[in-house]
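What follows is a short report on a single structure.
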Amino acid sequence: MPRSPVVARTRAGASVLAALTVTALVAAGQPATAAPAPAAEPLNRAFDRAAQEYGVPRDLLAAVGYGESRLDGHAGKPSQANGYGVMHLASNPDNRSLEKAAALTGEPADRLRRDTAANILGGAAVLRDHADRLGLDRTERRDVNAWYPAVARYSEAEGPAAALYADTVFTFLAQGLTATAPGGEEVRVPSRPVAPDKDEVSAAGVYAQSPDYPSGLWVPAYSGNFVVGRKAVVDKVIIHTTQGSYAGSISWYQNPASKVSAHYTIRSSDGEVTQSVREKDTAWHAGSVNSSSVGIEHEGYVDNPAWYTEAMYRSSAALTKHLAARYSIPKNRSHIIGHSEAPGATHTDPGPNWDWNYYMQLVGGSPGTPGDSLTFPSYEVQQSGSSGPQVKAVQQLLNAQGYAAGTADGIFGPATTSATQAFQRARSLTADGAVGPKTWTALLSAGTTPALARGSSGDAVKRLQRSLTAALGTTVDADGSFGPTTESAVRTYQSGRGLSVDGKVGPATWGALQAGR
């Protein structure tokens, strides 16, 4: 069938094609298949062999692998979408490329997951299968531009997400790349003029502008992967790493089986921003703080610093500055935090390779101390000789209430002991200078006493949740949102203290908390 470039483009598609056109004007044409790799280069040999066996242009195959993994197989560990290896062969309800590769190559799934050469062969087989189903003949398969729809199908995404995926691969082809794999081997893809055939993809792959961030794109998440509206005031930005590719992660938000989403995702190579959930709505990205935060995902893997590029840092910092101004979020490390620093988090991203000092400098904020310095899953007894973050929290709380605990240095010395005793006497608690459950409860609940009930949100709710955690000895997520879990905790507290059990926090409940009962 005839194949010709699509003339009409949307704003984002036009920007990608503009980059490709510039490259086409300045770059010399290059063959679709490079010369065979030397014997000492196993990764290059794997690309050469797979390209030859399945009739896939070698450089196209390498560009797909680079876009998926930066040529890092991660020792067979899966991505967030349960994808494996350099070619990200996936096994999830909407993407069965791992199983397809096994059927096409005869290689067992475990080998495809762990062996890089087998994984690349599997990726080539899947790409060729897409090309065959599209009806590409031998002559068309020699033209790298004809492979655009097959690359879009390889993503197993639909619409704009598929177009994002294929555009990224063809941008790599146009610009060329020199990538160093984890073992030190270099893989090169020379630049070339490209004019991808978008006929099959263009009608559905229309980009829209982000409704909340004018310089971003809009590719919405599946409606079942987020909640419309919020139950708390936005007061923080959460920094994530995708553990997968840019377009792959965006398509993962569209997968009904994923049960995850983020407000924004940022591409490594050039800092492109795509929004998938409106800021007014609650994305599912950070557990207990979903309702009070905006989540920004960054393309890459926590164990590979190559993903964290200058373009990504600057683009992300510009977005965070924008959010901080819109929602009056303090630009410090108590309000701009990593996923790993969110209360109750079990994730490690963005990991040790994320340069927080540089990022906060770009944001125009203070590096400071990460996380919420007053929130803990449990509150342990602190006394003379104790040290650490919880002692620092005690000192901050005492100083805020006018009791001179000295510098909040995390060391429980004489000044902190004296201030604790003074606070305890003022609350009619045993003045032993040790901060146990009762003193913790009184300290954490200190402050204004507004009426709170289900649907309330804000800092007063956080104070309530922290003090209930101390009083009950069980974790009540301090997310600032008074939902069913908080209401249940209030009822339990009221019942145990002989108060009227209504699940609402009025003068009697506040009084009991602030007395350390």
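Numbered per this note's numbering, the sequence shown finishes at 609, counting up by one with no gaps. Ideal placement from N, C-alpha and C gives every residue a C-beta, glycine not left out.
The beta carbon of Gly608 is closer than 7 Å to those of Arg519, Leu521, Lys530, Thr531, Thr533 and Ala534 in its chain, skipping five residues each way along the sequence.
Taken in chain order, no unbroken stretch of beta strand (DSSP E) lies wholly in the stretch 150-191 with a span of 3 residues or more. In the structure shown, Gln513 adopts helical secondary structure according to DSSP, grouped into three states. Ranked by how close their Cα comes to the Cα of Gly430, the residues Ile421, Thr440 and Lys423 have Thr440 in first place.
Partner residues in the beta bridge of Ile358, as assigned by DSSP, are Val365 and His390. Residue pairing for Lys328: DSSP places it in a beta bridge opposite Ser385. If you ignore the 5 residues before and after Glu579, its C-beta comes within less than 6 Å of the C-beta of Arg546 and Gly595, all in its own chain and listed in chain order. Taking a contact to require three or more Cβ pairs closer than 8 Å, the stretch 184-199 and the stretch 209-219 qualify as touching. Your pair Ser549 and Ser573 checks out as a contact, with CB atoms roughly 5 Å apart and the cut at 8 Å. Its chain contains Pro435, Gly436, Asp569 and Asp571 as the residues whose beta carbon lies nearer than 6 Å to that of Ser380, once the 5 sequence neighbours on both sides are disregarded; these appear in chain order. As the crow flies, the alpha-carbon of Gln144 is around 11 Å from that of Leu153. Across the structure, Ala244 and Tyr419 are spaced so that their CA atoms are roughly 37 Å apart. DSSP places Glu278 in the uninterrupted beta strand (DSSP E) bounded by Glu278 to Val281. Only exposed fits Arg517, as fewer than 16 other CB atoms lie within 10 angstroms of its CB. In the three-state scheme derived from DSSP, where H, G and I count as helix and E and B as strand, Ile342 is classed as helix.
Secondary structure at Gln475: coil, using DSSP grouped into helix, strand and coil. For the set Gly198, Val178 and Ala173, the Cα lying nearest the Cα of Arg188 is the one of Ala173. For Val311, the secondary structure class from DSSP, reduced to helix, strand or coil, is coil. At a Cβ-Cβ threshold of 9 Å, Leu564 and Gly588 count as neighbours.
Take Ala543, set aside five residues on each side of it, and the residues of its chain with a beta-carbon closer than 8 Å to its own are Lys596, Val597 and Gly598, in chain order. Scanning Ser337, Ala216, Ser385 and Phe318 for the CA closest to the CA of Ser350 turns up Phe318.
When Cβ pairs closer than 8 Å are counted between the two stretches, the stretch 502-518 is seen to touch the stretch 471-490, the count reaching three or more.
Each of Asp501, Gln493 and Val553 was checked against the Cα of Ala538, and the nearest Cα belongs to Gln493.
In its chain, beyond the 5 residues on either side, no residue has a beta carbon closer than 6 Å to the beta carbon of Asp551.
Distance between Pro288 and Phe262, taken at the CA atoms: about 8 Å. The continuous alpha helix (DSSP H) containing Ala138 extends over residues Pro134 to Tyr146.
Contact check for Pro442 against Ile358 fails: the beta carbons are separated by 9 Å or more.
Straight through space, the alpha carbons of Ser470 and Met452 are spaced by roughly 29 Å. Taking 9 Å as the cut-off, the beta carbon of Ser478 is found closer than this to the beta carbon of Phe504.
Spatial neighbours of Leu181 in its own chain (CB-CB distance under 7 Å, excluding positions within 5 residues in sequence) are listed in chain order as Gly175, Ser189, Leu190, Ala193, Leu204, Asn211, Gly214 and Gly215.
Secondary structure of Ile212 (DSSP, three-state): helix. Ala217 and Ser183 have their C-alpha atoms roughly 16 Å apart. Leu269 is bridged by DSSP to Val281. With fewer than 16 other Cβ atoms from the protein chains shown falling within 10 Å of its own Cβ, Ala417 counts as exposed. If the five residues before and after Asp186 are omitted, its C-beta is found closer than 7 Å to the C-beta atoms of Glu248, Asn347 and Ala349, all from its own chain and listed in chain order. Note that the stretch 308-322 does not touch the stretch 265-284; fewer than 3 beta-carbon pairs, one per stretch, sit closer than 8 Å.
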